[in-house]
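Q:
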Amino acid sequence: MRDGAKTKGQLVNELEELRQRETRMEASETERKKLEEELSIVYDALSSSVSGVIITNLEGRIKYVNPAFLRIFGYREKTEILGKNAVNLFPTEEVKFFTDVKAIIDETRGETEEFISQHKDGTKFPVEVSSSNVTDNIGNIVGRMASFIDLTDRKQAKKAIQESKKQIRVLSSRLLEAEEEERKRIARDLHDIIGSSLTAIKYSLEKEIDNMAKSPVPERTSLEQVVSMVQNTIKETKRIYRSLRPPILDDLGILATINWSCREFQEVYSGIRIEKSFDIEEDKVPKPLKIVIYKLLLETLNNIVKHSGANLVRLSLRKTEGNLELSVKDNGHGFNLKEILSRESHATGLGLTSMKERVEVFGGSFEIWTSKGKGTTILASWPCN
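Just so we're on the same page, my numbering is the position in the sequence shown counted from 1, plus 73.
1. DSSP three-state label for Arg318, please.
2. Assuming Ser381 and Leu452 are in contact, meaning their beta carbons sit under 8 Å apart, how far apart are those beta carbons, in whole angstroms?
3. Measuring only the C-alpha atoms, how far is Lys411 from Thr426?
4. Just checking: is the beta-carbon of Arg247 within a distance shorter than 8 Å of some beta-carbon in chain C?
5. Going by the beta-carbon positions, is the gap between Ile234 and Glu201 smaller than 8 Å?
6. Which residue from Asn376, Ile364, Ser389, Gly326 puts its Cα closest to that of Phe351?
7. Return helix, strand or coil for Met470, following the three-state DSSP convention.
8. From Val243 to Glu440, what does the alpha carbon distance come to, in whole angstroms?
9. Pick helix, strand or coil for Pro361, following the three-state DSSP scheme.
10. In terms of DSSP beta bridges, what is Leu399 paired with?
11. Can you tell me where the alpha helix (DSSP H) with Tyr276 in it begins and where it stops?
12. On the DSSP bridge list, what partners appear for Thr443?
13. Starting from Glu430, follow its DSSP beta bridges and name the residues at the other end.
14. Ordered along the chain, which non-local residues of its own chain (more than five positions away) have a Cβ less than 6 Å from that of Thr450?
15. Once DSSP output is grouped into helix, strand and coil, what is the label at Ile241?
16. Measuring CB to CB, does Ile347 end up less than 8 Å from Val386?
17. Where does Arg134 sit, in a helix, a strand or coil, going by DSSP?
In structure tokens:
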């Protein structure tokens, strides 16, 4: 054997080593292709996302942005923003508590936060930011990723809805005021015209009856029946105009009206005791609310008679913590609130929905607490201003 010639064993070892190296290279190539496929999927997902996405290094320098980010922030090309610090995406006053983008991302990690950001031209707009760390295959943090959602349209839509609700409340308030003015006019006409005419007819008939003392009994009885009919009509007319708008409300105010209403109620329903409590002065109750309070009280007492089986009602009108509150509590058998509200969606029930709407028109809130066997409490509250 010549010097330097390789033995058969050496050649076999070298061949085996070459085969192993080739196998490792093939495995590495397979892993590389797999990684490229995974990166392609991630890239496609980021590119098609409607959220603006950036990836930064640990110093906060932007290394990647997706198309949505360029659109949201007003950039034409990636080169305009790549390499810049992500803190520059926020106005100075917005990041005064954050030293770098890491602080912002730490603030929003695992959840979303709202910030004010700025477009390329410096105009400010609201964004929702969520973020996470970027790690390598052994878990080391190598960068940070943040996602941005432009809230401009959402904020504008929310503002438009709030404005619409405000306008609806104003229009509803005006409608109710116009309705109450019409009720007042009708009540006045019923009292002044129809009521006066019926009263005059009644007195004329009574006078004729007195003049017919010697008339046949059937004739006198007939007129007495007419007087009775007129008397019933007068009572019904009074009931109607009082239900529309009691004169006492305009003459003496809501406190006197509540007292009068409760007396009238207990004359008819003597088995139900009403305990009243007032902790407010008459002039502290806004005029537009007086008829609302009166109507709400009537409707509540009507429901108590029809449905509660109560024998005690506690009523209070008071000013507390900047609010005007009307509370009506009974010791009746209560009811299933969810079931009643479901009925009202089909135009049956206790009128709770309409009561709630009437309260809310004037900026108030309407709450009900009830359960079977434990009575019912209704609380209407309005800001004092």
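Note that beta-carbon positions come from the ideal geometry of N, C-alpha and C, so glycine has one too.
A: Well, looking at it:
1. coil
2. The Cβ separation is near 16 Å, so there is no contact.
3. 12 Å
4. Here there is only one protein chain, and chain C is not present.
5. no
6. Ser389
7. Because the chain here runs from 74 to 458, residue 470 falls outside it and cannot be looked at.
8. 22 Å
9. helix
10. Leu399 pairs with Leu390, Ala453.
11. 269 to 284
12. Thr449
13. Note: Glu430 sits in no beta bridge, so no partner.
14. Closer than 6 Å at the Cβ level, and outside the excluded window around Thr450, lie Lys402, Trp442.
15. helix
16. A contact, by the Cβ cut-off of 8 Å.
17. strand
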